[in-house]
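*Asks:*
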């Protein structure tokens, strides 16, 4: 990891923090783009090295029409693709000449990966970064990898590290020098990849943004399956989209104004104390299912928690957020649950989800997969010692990855630090880790709350200038326009209305203790 270097220019981010924009770039490439095809890297075959002109770029496999058919806007760049043994495909995009800002930003994947994250790479290179992404060792259309131990390991942690090492080598070969700073930016699976990297390969990145991290990967899918058991196994327990809309409306009506503003957003659902028993017009079986979902998965014999439940306020579909319908379609469990628990866990692609035993089977699955797929190590001291900075964030209305688990991990890190140092764990952790909880925001995006945040400017300002992010500005976009701004406060603080001013403007709020 590198310390801050003299900077040529700065730009102001939304959090009013000056961050560097450009570091001197070479006038021309040290190794021409086409010649990168000859680059020799361990266990790696470079499969493509081509110049891409500025303008529209249509990623491989993109549809000609319909969702995802719009080409990406990219600057002139060199596009390099390669494969690390046995099957880890990766790409590196290298902005031409002075358009490179001297930095490297790798981007994470989502779900079970299997694709190159082209849109995220496009955003990175438009902002001047060299960027990379990997499919983590399999293609999305192939399910055979779920039964292959090596490819599960690659998906779990090896692929991101291999991509990082190879991308850095490509960058240095092309520009004639290494990137001054290396960053990782991901959400969901990408958030887990970021935490896994900080834990296993602490020297790979100077800074990491980890959004909605699926860090307890195996237990998450048990928690999602718990909702299927709650709603699908017992007659009369099914919850329709209309039912969830009514539940969500009731939760917001009870808890919305707790922050002093009635705006459809529950600032901190933990203060809600929402009791579904008081709902009218629901069957007893539905009420019981709701209680199970809010409670979260537990061992039915011992009562030991397995995974947290969902939070009140995110039940109904919202702009850009499908609500609880994301994992509850009324017919089958969330598809990834079957892949993880059935194929990976029990080595049976045709596994019957109804047979999962929340007493016996939790240990059976975790004995096989926990250490490979779960990024739960609270000891980040090596990452801190190397100067690394970590921003973790999560939307409170996330219907797929339960927000409480991110708070649990943060608390684990603080607790571990206190015990390891014999001092103030919170103060030690605050030197390199900040957590932001986003009210009203869904899984990685969408929802009734402001979800647009310049995470990378905040991270770069912290890494390169030492400017610790205290309050960041989040924006809600509606029809292409900024409809609302709110401050995001570093946990445990929350945004509180000052009692005067426009409630759609961040300046009307202040960060305060809950």
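Residue numbers (this note's numbering): 2 to 515.
By construction, the Cβ of each residue, glycine as well, lies at the ideal position given by its N, Cα and C atoms.
Rounded to a whole number of angstroms, what is the C-alpha to C-alpha distance between residue 22 and residue 446?
*Replies:* For residue 22, the predicted structure reports a pLDDT of 49, less than 50, and the residue's modelled location is therefore unreliable. A value from the coordinates is still provided. If you take the alpha carbons of residue 22 and residue 446, they lie about 26 Å apart.
*Asks:* Taking the alpha carbon of residue 156 as the point to measure from, which residue in 135, 167 and 176 has its own alpha carbon closest?
*Replies:* 135
*Asks:* What residue range does the alpha helix (DSSP H) around residue 254 cover?
*Replies:* 242–256
*Asks:* Evaluate residue 147 with the Cβ neighbour count: other Cβ atoms within 10 Å of its Cβ, from every protein chain shown; 16 or more gives buried, anything less gives exposed.
*Replies:* buried
*Asks:* Would you kindly check if the distance between the Cβ of residue 278 and the Cβ of residue 288 is under 8 Å?
*Replies:* yes
*Asks:* Please classify residue 499 as buried or exposed, where buried requires at least 16 neighbouring CB atoms within 10 angstroms.
*Replies:* exposed
*Asks:* How about residue 267 and residue 314: are their beta carbons less than 8 Å apart?
*Replies:* By the CB criterion at 8 Å, residue 267 and residue 314 fall inside the cutoff.
*Asks:* Going along the chain, which residues of its own chain have a beta-carbon closer than 6 Å to the beta-carbon of residue 327, five neighbours each way excluded?
*Replies:* 400 and 401
*Asks:* I'd like to know if the segment 448–462 and the segment 416–427 are in contact, where contact means that at least 3 CB-CB pairs between them fall below 8 Å.
*Replies:* no
*Asks:* To the nearest angstrom, how far is it from the Cα of residue 376 to the Cα of residue 240?
*Replies:* 32 Å
*Asks:* Have a look at residue 373 and residue 76 and give me their C-alpha separation to the nearest angstrom.
*Replies:* 37 Å
*Asks:* Within the same chain, show all residues whose beta-carbon is closer than 8 Å to that of residue 512, passing over the 5 residues directly before and after it, in chain order.
*Replies:* 471, 472, 488, 490, 491, 494, 495, 496 and 497
*Asks:* Identify the residues that DSSP records as bridge partners of residue 391: which are they?
*Replies:* Answer by DSSP bridge pairing, in chain order: 209 and 434.
*Asks:* Tell me, please, whether the segment 181–192 touches the segment 472–485 by the rule of three or more beta-carbon pairs shorter than 8 Å.
*Replies:* no
*Asks:* So what does DSSP say about residue 59, is it helix, strand or coil?
*Replies:* coil
*Asks:* Going along the chain, which residues of its own chain have a beta-carbon closer than 8 Å to the beta-carbon of residue 432, five neighbours each way excluded?
*Replies:* 385
*Asks:* Quick one: Cα of residue 393 to Cα of residue 435, how far?
*Replies:* 6 Å
*Asks:* For residue 90, which beta-bridge partners are listed by DSSP?
*Replies:* 84
*Asks:* Name the one or two DSSP bridge partners that residue 474 has.
*Replies:* 488
*Asks:* Compare the beta carbon distance of residue 93 and residue 168 with 8 Å and say whether it is the shorter of the two.
*Replies:* yes
*Asks:* Can you tell me the Cα-Cα spacing of residue 71 and residue 56, whole angstroms?
*Replies:* Straight across, the Cα-Cα distance linking residue 71 with residue 56 is about 12 Å.
*Asks:* How far does the beta strand (DSSP E) with residue 186 in it reach, from first residue to last?
*Replies:* 182–188
*Asks:* How is the alpha helix (DSSP H) around residue 410 delimited, first residue to last?
*Replies:* 405–422
*Asks:* Can you look up residue 531 in the DSSP assignment and give me helix, strand or coil?
*Replies:* Because residue 531 is not part of the residues shown, which for the chain are 2 to 515, the question remains open.
*Asks:* Using a Cβ-Cβ cut-off of 7 Å (strictly less than) and excluding sequence neighbours within five positions of residue 218, which residues of its own chain qualify?
*Replies:* 193, 374 and 375
*Asks:* Only counting runs of 3 or more residues, tell me where the beta strand (DSSP E) segments fall wholly within the segment 131–202, in order along the chain.
*Replies:* 131–135 and 182–188
*Asks:* What three-state label does DSSP hand residue 238 in the structure shown?
*Replies:* coil
*Asks:* Could you name each continuous alpha helix (DSSP H) segment of 4 residues or more that falls completely within the segment 279–322, going from the start of the chain to the end?
*Replies:* 285–296
*Asks:* Going by DSSP, what residue range makes up the beta strand (DSSP E) through residue 513?
*Replies:* 510–513
*Asks:* Taking 8 Å as the threshold (C-beta atoms), are residue 345 and residue 228 in contact?
*Replies:* no
*Asks:* Let me know the secondary structure DSSP gives residue 22 once reduced to three states.
*Replies:* Unreliable placement is indicated for residue 22, whose pLDDT of 49 sits below 50; the coordinate value is still reported in the next sentence. Coil.
*Asks:* Pull the bridge partners of residue 73 from the DSSP assignment, please.
*Replies:* Paired residue(s): 58.
*Asks:* Output needed for residue 242: all residues of its chain with C-beta closer than 6 Å, excluding positions within five of it in sequence on either side, in chain order.
*Replies:* 326
*Asks:* Does the distance from the CB of residue 406 to the CB of residue 308 come in under 8 Å?
*Replies:* yes
*Asks:* Put residue 1 into one of helix, strand or coil per three-state DSSP.
*Replies:* Absent from the model: residue 1. The displayed extent of the chain is 2 to 515, so no value can be given.
*Asks:* Any idea what DSSP makes of residue 497, helix, strand or coil?
*Replies:* Strand at residue 497.
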